[in-house]
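A short worksheet on the structure shown next.
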Amino acid sequence: MYKECEKVIDYFNGHLTEQEAQAFEAHLETCEDCQEELRELRELTEHLPLASEPVEPPAEMKQNVLDAAFTAGETTDEEPEANEDKSSSSVDRYKEKQAEKRKLDKPAWLMPVLAAGLIFSLMGNMYAVFQTTQSDEDEAPPVESTDEVLQRVQLQGEGTNANATAAMINQGTEDMLVVQAGSLDPLQGDEVYQVWLINDDQPYRAGSFKSNQQGEGAVAYSMAQLQSEGDWDAIAISKEPNANSETPQGEVMMSSEL
Amino acid sequence: MSRTDKELYALIADGDKGTLEEIYDKYEKLLYSFAIKLSGDATLAEEVLQEVFIKIWTHKAVYQEKKGKFSSWIVTVTRYTCIDLIRKRKDENVSLEEETDIPEEQDPSTEDLAEWREQGQLIRQAIRNLAEEQTIMVDLFYFKGLTQREIAEECNLPLGTVKGRIRLALKHLNSELSNIQEKGGVHDV
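These protein sequence lines map, in sequence, to chains A and B.
Sequential numbering from -8 applies to the first sequence in the numbering used here.
Sequential numbering from 1159 applies to the second sequence in the numbering used here.
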């Protein structure tokens, strides 16, 4: 038997028995090295599913899979009503909906962005809210005067110590998004931290910033600069190779729903 | 999106069949393609999806927010399930080369896959750029999901060094990926 710290790999790959996994998780609570290693493994592998070539699933697979799930559900627990008619008609309904979606909701220029939404969601553990400017260096966030805070959220990320808060502030006639972050990993070269506001899976640039030597960074972004307004679902911060990413290229470090 | 995955998942937990279908529609292609990538076997991939959705519907796999994003979670469940099924089969001796006999690809004109394809190409390129032993390490660890001991045996390494090698290979892969992205600039307008 090897000691707990040697189990990270087998834990990550799901090879521990339930009992072993529990013991490891208990160990994990107190072992920062293991937490760090696990976090790193997750981060470093998070985008690897995208290495799969997209393959069109067989047409009948959906029905088979859902039938199997619902049947298993009936035998394992309550849920007595098996409704064949309903499920087949709803399959049709979904197909129609899907076809419609493809036709209506997705103008050609939008498609890469929508797909980026999927990728975005895969790459990131955290989502968040608002928007910032491309002002580079650390900036003192304008949190003074009689500005009114409209909404404030805490961004979080899995397996990172970094933290951030985002606040939407009303300054007279204008709304500003203010993001402050701390405990950030150091950046290299042209890398920046980019703030994204997400609406319907679509990310909008909302300012970028660099971290200082203390790992702190902040940015204020005038909401008037945004090409879209309205209902933001989430805010996120990602690390980007440079300040020009139109969609998130790097890992999402932190996020929050709005 | 009007409802987040989290909200959808809550409805599934309540036994809402339509919602399971919604989640299915959203992730079908990604999970199916991923399972094929892992197993090199389209039939097995279908079984994997079946197994995954049975687990979700019957609460054998339970998503909790603290586990991170739903998308990451469902991908992980798929990976475990696939690794597990492959082990149960035990028939194939999946080697690196077999990755090439992936079933026919889907109609490339489907534009909403453009981004996925691009990213996929970059990642595969990055993997190819690694030293051979690192490529093998990434494959055995992540895509084949071997145990630490199996990797040690396969690569003729002491058990204790496997973890470090995996870490190194993944780190190289990621810096390789950043390099390609910077140079290739597929997305940099």
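Each residue gets a CB set at the ideal place from its N, CA and C atoms; glycine is no exception.
Computed from a prediction, not measured in an experiment: that's the story for all the values here.
Taking Glu47 (chain A) as reference, the option from B:Arg1282, B:Leu1166, B:Ser1333 and B:Asp1183 with the minimal CA-CA separation is B:Asp1183. Between the alpha carbons of Arg1282 (chain B) and Glu37 (chain A) lies a gap of roughly 14 Å. In the three-state scheme derived from DSSP, where H, G and I count as helix and E and B as strand, Asn154 (chain A) is classed as strand. Residue contact check for Lys53 (chain A) against chain B: a CB pair falls below 8 Å. Nearest to Val1235 (chain B) by C-alpha distance, out of B:Glu1223, B:Tyr1167, B:Asp1199 and B:Leu1207, is B:Leu1207. Per DSSP, Gln1277 (chain B) has no beta bridge partner at all.
Per the Cβ contact rule, the region -1 to 6 of chain A is in contact with the region 1301 to 1315 of chain B (3 or more Cβ pairs under 8 Å).
The Cβ atoms of Ala155 (chain A) and Gln142 (chain A) lie no closer than 8 Å to each other. Comparing alpha carbon positions, the residue from B:Leu1317, B:Ala1310, B:Glu1311 and B:Ala1284 closest to Lys1329 (chain B) is B:Ala1284. At a cut-off of 8 Å between beta-carbon atoms, Val1220 (chain B) makes no contact with chain A.
Contact annotation: Phe1211 (chain B) and Val170 (chain A) have beta-carbon atoms that are not nearer than 8 Å. The continuous alpha helix (DSSP H) containing Gln10 (chain A) extends over residues Glu9 to Thr21.
A straight-line Cα-Cα distance of about 8 Å links Val243 (chain A) and Gly148 (chain A).
Beta-carbon to beta-carbon, Asp1163 (chain B) and Phe1228 (chain B) are separated by about 4 Å, close enough to satisfy the 8 Å threshold. Residues of chain B with a Cβ closer than 8 Å to the Cβ of Pro194 (chain A) do not exist, since the nearest Cβ in that chain sits about 12 Å away. Measuring C-alpha to C-alpha distances from Arg33 (chain A) to each of B:Ser1336, B:Leu1335, B:Arg1325 and B:Lys1341 identifies B:Arg1325 as the nearest. Under DSSP, Gly208 (chain A) takes part in a beta bridge, and its partners are A:Ala172. Ile1194 (chain B) is positioned such that its CB atom lies closer than 8 Å to that of Ser43 (chain A).
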